[in-house]
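Before any comments, here is the structure.
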Amino acid sequence: MRFLILLVALSIGVNNGCGVAFAAAGADPKSKAADQRYRQGFNQGVTRTDQLKDPALQAIRRRMIARQRVSYKELQMLADRGDGVAAIYVAKRLAANPKLTADAIHYYTIASSTGRAGAVAPLSRLLSTTSETVSEPRLAQAEKTLRDHASRGNPVAAAQLVKFYKSGRPFGAKPDEVLRLERQAAAGGDSKTALNLAISMISQGLAGDQEKEEARHFLTIAKDSAEPSTSAIAAAVLRRLEKEPTNLVEVSQ
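FYI, in mature numbering (1 follows the signal peptide of the UniProt record, and there is no 0) the residues of the sequence shown are -23 to -1, 1 to 230.
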């Protein structure tokens, strides 16, 4: 019983202090080379001016890259042909008008789908605030691109998907996906998520040695955290886990 009470207290402390934070592991490219590596596997769309066959579009893109004057209509023409940079510019303009949120989501989705990690956060914010006016096909595409970024270790995409799937909006409740994403984050070295998972597993009762070993693995990840409080809590729970029966439900009876 004492161990279960301890876990409840620790769980509250962890959730209040950190929640599902998802450590930033390589998903915030800081150099051109890192950005290119991150975007591998995405359909990157238009990344070079010579990919555009129309000389007029080539001229527009050159002006955009040179930060010269480009009209909204010209940017939209590039964005509609899969230029992720143009799509971000268009989305920013649309997002300034609350009545055009659905269209802003569409263009942030285009940018995200080309591997532009910088579009993930604004896309997620818009989905969090307004999704009722967004069509099902656009929502499906937005969900897909967030999942693509999450699979590449993008912490923003993973955390937002967990939030969306837990709340049921705008993609519907998906508890299995929540668990998968949290396990993925923990396995990738996210110590706070690893600690939350371990405490949740132990609190619910470990069914056998396999689950106990999994909880131990998550606690070991958390114990190596650079954050002192996370490391200390994980070490304390790990020590107690080694002394308790596998099925902790028995301890409370």
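Ideal Cβ placement from N, Cα and C applies to all residues, glycine included. Source: prediction; values computed, not measured.
Here the alpha carbon of residue 57 sits roughly 12 angstroms from the alpha carbon of residue 80.
Here residue 75 is exposed. Its C-beta has fewer than 16 other C-beta atoms within 10 Å.
Residue 90 and residue 139 have their C-alpha atoms spaced approximately 19 angstroms apart.
Across the set 180, 38, 87, 97, the C-alpha of 87 shows the shortest separation from the C-alpha of residue 114.
For residue 158, the closest C-alpha among the options 35, 124, 107 is that of 124.
Taking 8 angstroms as the cut-off, the Cβ atoms of residue 122 and residue 78 do not count as close.
Rounded to whole angstroms, residue 154 and residue 142 show a C-alpha spacing of 7 angstroms. Look at residue 73 here: in three-state DSSP terms it is coil, with no helix or strand label.
With respect to the 8 angstroms criterion, residue 29 and residue 35 are classified as neighbours on the basis of their beta carbons. In the DSSP annotation of this structure, the continuous segment of the alpha helix (DSSP H) that includes residue 114 starts and ends at 113 to 128. Going by beta carbons, residue 197 and residue 172 fall outside the 8 angstroms limit. Annotation for residue 43: no alpha helix (DSSP H) segment contains it, and DSSP assigns it neither H nor E. Around the Cβ of residue 150, a 10 Å sphere holds fewer than 16 other Cβ atoms; the residue is exposed. Residue 82 is positioned such that its CB atom lies no closer than 8 angstroms to that of residue 52. Contact between residue 175 and residue 214 is confirmed by a C-beta separation of about 7 angstroms, below the 8 angstroms threshold.
Leaving aside the five residues that flank residue 126 on each side, the residues in its chain whose CB is nearer than 6 angstroms to its CB run, in chain order, 97, 134. Residue 147 and residue 116 do touch by the CB rule: their CB atoms are close to 6 angstroms apart, below 8 angstroms. In the DSSP assignment, residue 193 falls within the alpha helix (DSSP H) that extends over 186 to 200. Using a Cβ distance threshold of 8 angstroms, residue 192 and residue 218 count as a contacting pair.
DSSP, read as helix, strand or coil, puts residue 107 in coil.
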